[in-house]
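According to the working numbering, the sequence shown is numbered sequentially starting from 1012.
Don't be surprised by glycine CBs; every beta carbon is placed ideally from N, CA and C.
Working notes, structure below.
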Amino acid sequence: MATQLDTKTYAGNIINNEFVPTKTTRHSVDPATGTPLYDVPVAQKEDLDAAVHGARRAFKSWSATPFAERAKLLLEYADLIEANRDALERLLTLEQGKPLSLSNMEVGNSLIWLRAFATMEIKDEVLQEDDDKIVYSTFPPLGVCAGIITLTKSRNWPILLGLGKLGPALITGNTFIMKPSPYTPYCDLKLGELASRVFPPGVVQVLSGDDHLGPWITEHPGIDKIAFTGSTATGKLVAASCAKTLKRCVLELGGNDACVVCDDVDIDKCLPKITMLSFLNSGQICMLTKRIYVHERIYDEFRDKMVEFTKSNVKTGNGVEDGVVVGPIQNKMQFDKVKDMYDQIDKCNWTAALTGSAGESRNGYFVTPAIIDNPPEDSRIVQEEPFGPIVPLLKWTDEDDVIDRANAIRQGLGASVWSKDLQRAERMARRLEAGMNCMQPCIKCSPNLATGSILLRVHAYLMISNRSGLGMEWGMEGLKHYTNSRSLWVWKKVFE
């Protein structure tokens, strides 16, 4: 019987399948209570060097391991996570603040993704064939890949985002180093501990650190690729640092996603979905609905019903309590940013259909939902991603105009169009400039999609565009970003 996880003890970083303690430690806090949590290691440069050395050594054998064997180990890893999922879900709620039901969804979807990645083999593609030769496109692995889950945006889904980078890296034959967010290091360190029970030394390593660790990783000459999730500002620094060693990078950054609601929708059917897509995880998801454009013919009814639905169904509280939808904001820095956005309601004379509140209650970072009634297009609540449970409703009349307004903010990680007329919805969705455009709800996670909105199926990819980042994640196209595409010319006869 497998040893169960001790989620209260963090003996060190996971380097070459061993716990490596550090001289310095730090801790995060429970965002629902302000209670200090457990001490975790703070990696130094020598720890990173040791991890990179181990990863490069392991790459030689891991990259030569047949796909079937890599897939077998990835499935064993998924099974081990599932055997410990209850402990991980409770730890996730403790460190991140989300409701237990959402922690259950995150772990469950992460398992679906890992098991799907284990089926996704990138095979050689025939580019040309004639009597003399066959020309293939081959996809060997890059080498050592690092996943950086940074301070701000990416501590919202630490397990899903971590495994969403680990799985593609490993199944394509790379070795992998993970850096969790300093705000949510606990689950990712435990994922590394579980990985050490399955994979050979050096294949999966996890380093917890402070603000210095990310730059050390991006500039390290022994790392071949960075997969980064975080803010746009930090993403630019990551790209600049990667350029110095010409290492590849994929950047999944912020999203100020537009939702366009047409005048033919059944409000009672679509409104609950749109509301939850606005406030899920306390609004701390890059691919949630951040701007809701509602046709003027139904605007008043939609607004009033959204307010009533939110009051009746969107409960704020500690994530361990039954029925909670909106848990605390994850940390003090983000709480202050969200609180400042709430303060703008009075300062800027916005009309609040639902006022909401932002105050440190019971020592936690709790914020209740707010709905802003048709604010000016140039207001902060429209132009900026609040990353909290506050959303603007905006009127529209003309289709061309609403598309222009939706596209004017160049952080289109995802977008959605809601209409009974599927041809109309598809026409509008094709014009929205976002990484993933959806007709109707986009809230089912899957590793077949490359990311772009919240409908993230494993076999589709997320095309990251505009100021939402660079590159692709997930799906076969996303997996190819972990490979070095080459052409191979195979002659059918010896030259004479």
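Coil, strand or helix - residue i by DSSP
i, result
"Tyr1376", "strand"
"Asn1024", "strand"
"Thr1286", "helix"
"Asn1418", "helix"
"Phe1506", "coil"
"Gly1480", "strand"
"Tyr1493", "coil"
"Glu1080", "helix"
"Thr1104", "helix"
"Trp1361", "coil"
"Gly1399", "coil"
"Leu1460", "Caution is warranted here: a pLDDT of 39 is assigned to Leu1460, below 50, making its placement in the model unreliable, and no coordinate value can be reported."
"Glu1444", "coil"
"Gly1370", "strand"
"Leu1499", "strand"
"Ser1008", "There is simply no residue 1008 to check, as the chain begins at 1012 and stops at 1507 in what is shown."
"Gly1065", "helix"
"Cys1260", "strand"
"Cys1270", "strand"
"Trp1124", "helix"
"Glu1488", "helix"
"Leu1016", "coil"
"Asp1275", "coil"
"Met1189", "strand"
"Ala1054", "coil"
"Glu1388", "coil"
"Thr1044", "coil"
Check whether residue i and residue j have beta carbons under 9 angstroms apart
i, j, result
"Arg1308", "Ala1269", "no"
"Ile1296", "Trp1429", "no"
"Gln1422", "Leu1264", "yes"
"Val1331", "Phe1290", "no"
"Gly1184", "Pro1211", "no"
"Arg1037", "Asp1058", "no"
"Leu1016", "Val1209", "no"
"Cys1273", "Arg1435", "yes"
"Pro1380", "Ser1390", "no"
"Ala1369", "Ile1383", "no"
"Gly1338", "Thr1104", "yes"
"Val1378", "Val1146", "no"
"Gly1266", "Glu1395", "no"
"Asp1143", "Lys1431", "no"
"Ser1252", "Thr1229", "yes"
"Val1336", "Met1287", "yes"
"Thr1256", "Pro1232", "yes"
"Val1276", "Ala1426", "no"
"Ala1238", "Ala1180", "yes"
Proximity to residue i [Cα-Cα], best of the options
i, options, result
"Lys1491", "Asp1135, Arg1126 and Leu1113", "Asp1135"
"Asp1510", "Arg1442, Lys1350, Gln1107 and Pro1400", "Within the shown structure, residues of the chain are numbered from 1012 to 1507, placing residue 1510 beyond reach of any answer."
"Glu1484", "Ala1075, Val1053, Asn1360 and Leu1262", "Leu1262"
"Gly1023", "Leu1016, Thr1033, Asp1017 and Gln1015", "Thr1033"
"Asn1329", "Ala1250, Gly1045 and Asn1028", "Gly1045"
"Ser1496", "Trp1073, Ser1148, Gly1399 and Ser1323", "Ser1148"
"Ala1079", "Lys1406, Asp1041 and Arg1126", "Arg1126"
"Gly1225", "Val1053, Leu1153 and Pro1387", "Val1053"
"Leu1048", "Glu1106, Ser1252 and Ala1436", "Glu1106"
"Asp1235", "Leu1218, Cys1260 and Val1214", "Cys1260"
"Asn1167", "Leu1218, Leu1299 and Pro1283", "Leu1299"
"Ser1293", "Gln1341, Gln1055 and Pro1232", "Gln1341"
"Tyr1304", "Gly1334, Lys1190, Glu1388 and Arg1068", "Glu1388"
"Phe1187", "Ile1356, His1231, Ala1062 and Met1116", "Ala1062"
"Val1349", "Tyr1376, Ile1145, Leu1365 and Ser1242", "Tyr1376"
"Leu1177", "Ser1427, Val1501, Trp1502 and Gly1489", "Gly1489"
"Leu1171", "Asp1222, Val1214 and Gly1119", "Gly1119"
"Ile1414", "Lys1019, Ala1069 and Arg1438", "Arg1438"
"Trp1124", "Asp1351, Gly1486, Gly1246 and Phe1313", "Gly1486"
"Thr1018", "Ile1025, Phe1506, Asn1095 and Ala1075", "Asn1095"
"Pro1110", "Met1344, Ala1445, Ala1043 and Leu1365", "Ala1043"
9 angstroms Cβ cutoff, residue i in contact with chain C
i, result
"Cys1198", "Among the chains of the structure shown, chain C does not appear; only one protein chain is present."
Beta-carbon separation (whole angstroms), residue i vs residue j, contact threshold 8 angstroms
i, j, result
"Val1155", "Ala1066", "4 angstroms"
"Leu1122", "Ala1089", "5 angstroms"
"Ile1160", "Ser1192", "5 angstroms"
"Tyr1197", "Leu1102", "6 angstroms"
"Leu1174", "Leu1200", "In fact, because the Cβ distance is near 14 angstroms, the residues do not count as touching under 8 angstroms."
"Ile1133", "Thr1494", "6 angstroms"
"Leu1218", "Lys1258", "Contact doesn't hold; Cβ gap of about 17 angstroms is too wide."
"Pro1386", "Trp1407", "Their Cβ separation, rounded to whole angstroms, is 14 angstroms, which puts Pro1386 and Trp1407 out of contact at 8 angstroms."
At what residue ranges does the region 1281-1355 contain a whole run of the beta strand (DSSP E), taking only runs of 3 or more?
With a minimum length of 3 residues, the continuous beta strand (DSSP E) runs that stay inside the region 1281-1355 are 1300-1306 and 1335-1337.
Where are the beta strand (DSSP E) runs, 3 residues long or more, that stay fully inside the region 1133-1183, in chain order?
Counting whole runs of 3 or more residues, the region 1133-1183 contains the beta strand (DSSP E) stretches 1136-1140, 1144-1149 and 1155-1160.
Complete runs of the alpha helix (DSSP H) confined to the region 1193-1234 [at least 4 residues]:
For the region 1193-1234, whole alpha helix (DSSP H) runs of length 4 or above, ordered along the chain, are 1197-1206 and 1224-1230.
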